[in-house]
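To convert, count from 1 in the sequence shown and add 36; that's the numbering used here.
Note that CB positions come from ideal geometry on N, CA and C, so glycine has one too.
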Amino acid sequence: MERHHNDPMAGHYGEEGTFQKIVRRYSGTGMRKYISDYIKKCPECARFKATNQKPAGLLRTPVYSQRFEVIAIDLFGPLPQTDTGKQWIFIVEDCATKWVELFALSQASARQCATTLIEEVFMRHGIPRRIISDNGTQFVSAVLQQICFTLNISQNLIPVYSPQSNPVERKTETLNPDLQYLLETIILVVYYSPGDKVWVTLHPISSAKNKKTSKFMPKRDGPYLILTQKSPTSYVIASLANPSEPIATYHTSALTPVKDTNTSPVAPLRKRGRPRKVTSTSQNKLVPSPSTCYNSSFQQNHPSLNKSYYYNS
Numbered sequence: 037m038e039r040h041h042n043d044p045m046a047g048h049y050g051e052e053g054t055f056q057k058i059v060r061r062y063s064g065t066g067m068r069k070y071i072s073d074y075i076k077k078c079p080e081c082a083r084f085k086a087t088n089q090k091p092a093g094l095l096r097t098p099v100y101s102q103r104f105e106v107i108a109i110d111l112f113g114p115l116p117q118t119d120t121g122k123q124w125i126f127i128v129e130d131c132a133t134k135w136v137e138l139f140a141l142s143q144a145s146a147r148q149c150a151t152t153l154i155e156e157v158f159m160r161h162g163i164p165r166r167i168i169s170d171n172g173t174q175f176v177s178a179v180l181q182q183i184c185f186t187l188n189i190s191q192n193l194i195p196v197y198s199p200q201s202n203p204v205e206r207k208t209e210t211l212n213p214d215l216q217y218l219l220e221t222i223i224l225v226v227y228y229s230p231g232d233k234v235w236v237t238l239h240p241i242s243s244a245k246n247k248k249t250s251k252f253m254p255k256r257d258g259p260y261l262i263l264t265q266k267s268p269t270s271y272v273i274a275s276l277a278n279p280s281e282p283i284a285t286y287h288t289s290a291l292t293p294v295k296d297t298n299t300s301p302v303a304p305l306r307k308r309g310r311p312r313k314v315t316s317t318s319q320n321k322l323v324p325s326p327s328t329c330y331n332s333s334f335q336q337n338h339p340s341l342n343k344s345y346y347y348n349s
């Protein structure tokens, strides 16, 4: 190693260069690891060679001593207004345990944010030492700054060009698609009342025997009558000709409101389910079997044959 690395003519090559020079003449088990360890301990290389590693950053990983010591807050909205007038979501996250709490607000005002923090967070989890938020008007207002000054809370505002510095922004990215899907699902649901007339979505099947193709068959047929609501999203329907007899239960996605009732079903739906059981009175009636009918008719045409032979067979 001293000849191929420490010698002035060797040039103190690195790990790969020294290994390539030695492997031309020698071989051995674990030679690459031995050369690597030797070069890492070389004092001349450590003293004179420049490093190619990036300098260490100034970011330090925070270490929290207790829960709700540092919290992050943010507002999400506006959303479609509810029946109670709520259209904003106030998000509070504990930076130590990643615990998230959501509060519905009617207005994105500094007073409502401060009231929610005091009544819902500080009163239940204690007063934090630091609050992280963006530069929203609700968080830089005099109301929230006065609360932080009175309760000795350090308020840290993230830079405008770096919104990812607020831990709540990650929760907002997760909350946005979930709420969007939920809102679209709620808006698309159509509610019906008993007596409403609807179209029913069909699933036609092509049949070469009957010379029918699903491409030219109707996608919806009706109208049919809503009898009862079986669940929040399913309804029992019946035909207009016989409204007292239910046909089947359909999901609201398979139903469409009818605007013009001057029509009739092209392919009437058949009642779903198993046929009714035979009652006890009908069971007492003797119904001849097909084999008995065949044997009796055959014997009438051939009286000379032995009758007992057919019964025994």
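Proximity winner among the options, relative to residue i (alpha-carbon distances)
i	options	result
R166	S177, P44, Q181 and E156	Q181
Y271	I154, S280, G258 and A290	A290
Y74	M37, L187, N192 and F158	M37
S242	F104, F185 and M253	M253
P203	K134, A140, E155 and N246	K134
P195	L141, S177 and N171	N171
H239	P304, K295 and E205	P304
D214	C78, F112 and T65	F112
P282	F185, V176 and K307	K307
V136	Q143, K122, E156 and Q117	E156
Q183	L193, T151, T118 and R61	The sequence shown places Ile at residue 183, not Gln. The residue with the shortest Cα to Cα distance from I183 is T151.
Closer than 9 angstroms to chain B by CB, residue i
i	result
K122	Although the question refers to chain B, the structure presented lacks it and comprises just one protein chain.
Residue j beta carbon less than 9 angstroms from that of residue i
i	j	result
I127	I163	no
T285	R256	no
Y260	A274	yes
I125	L211	yes
Q174	S198	no
C81	I109	no
Q265	Y228	yes
S300	L276	yes
F158	L187	yes
I58	M67	yes
Identified DSSP bridge partners for residue i
i	result
H40	H40 is not bridged to any residue.
L111	F126
R256	T237
E137	V128
P293	V234
V272	T264 and T285
R380	Residue 380 lies beyond the stretch modelled for the chain, which goes from 37 to 349, so this question has no answer here.
K248	S243
Buried versus exposed, by CB contacts within 10 Å (16 or more), residue i
i	result
S267	exposed
Y347	Since pLDDT at Y347 reaches only 43, below the 50 mark, its modelled position is unreliable, and the value read off the structure follows with that caveat. Exposed is the call here.
S327	Caution is warranted here: a pLDDT of 48 is assigned to S327, below 50, making its placement in the model unreliable, and the coordinate value is therefore given only provisionally. With fewer than 16 Cβ atoms within 10 Å of its Cβ, S327 is classed as exposed.
E129	buried
G47	exposed
F104	buried
L94	exposed
L141	buried
L392	As displayed, the chain neither begins before 37 nor continues past 349, which places residue 392 out of reach and without an answer.
S169	buried
Supposed contact pair residue j and residue i - C-beta distance, whole angstroms, cut 8 angstroms
i	j	result
I71	T54	6 angstroms
G258	V226	Incorrect: roughly 15 angstroms between the Cβ atoms, too far for contact.
T269	T292	At roughly 14 angstroms, the Cβ-Cβ gap does not stay under 8 angstroms, so T269 and T292 are not in contact.
C131	Y100	7 angstroms
S176	R147	Checking the displayed sequence, the identity of residue 176 turns out to be Val instead of Ser. Not a contact, Cβ separation roughly 14 angstroms.
Distance cut-off 8 angstroms: residue i Cβ against heavy atoms of the ligand COA
i	result
P116	The model depicted lacks the ligand COA and carries no ligand whatsoever.
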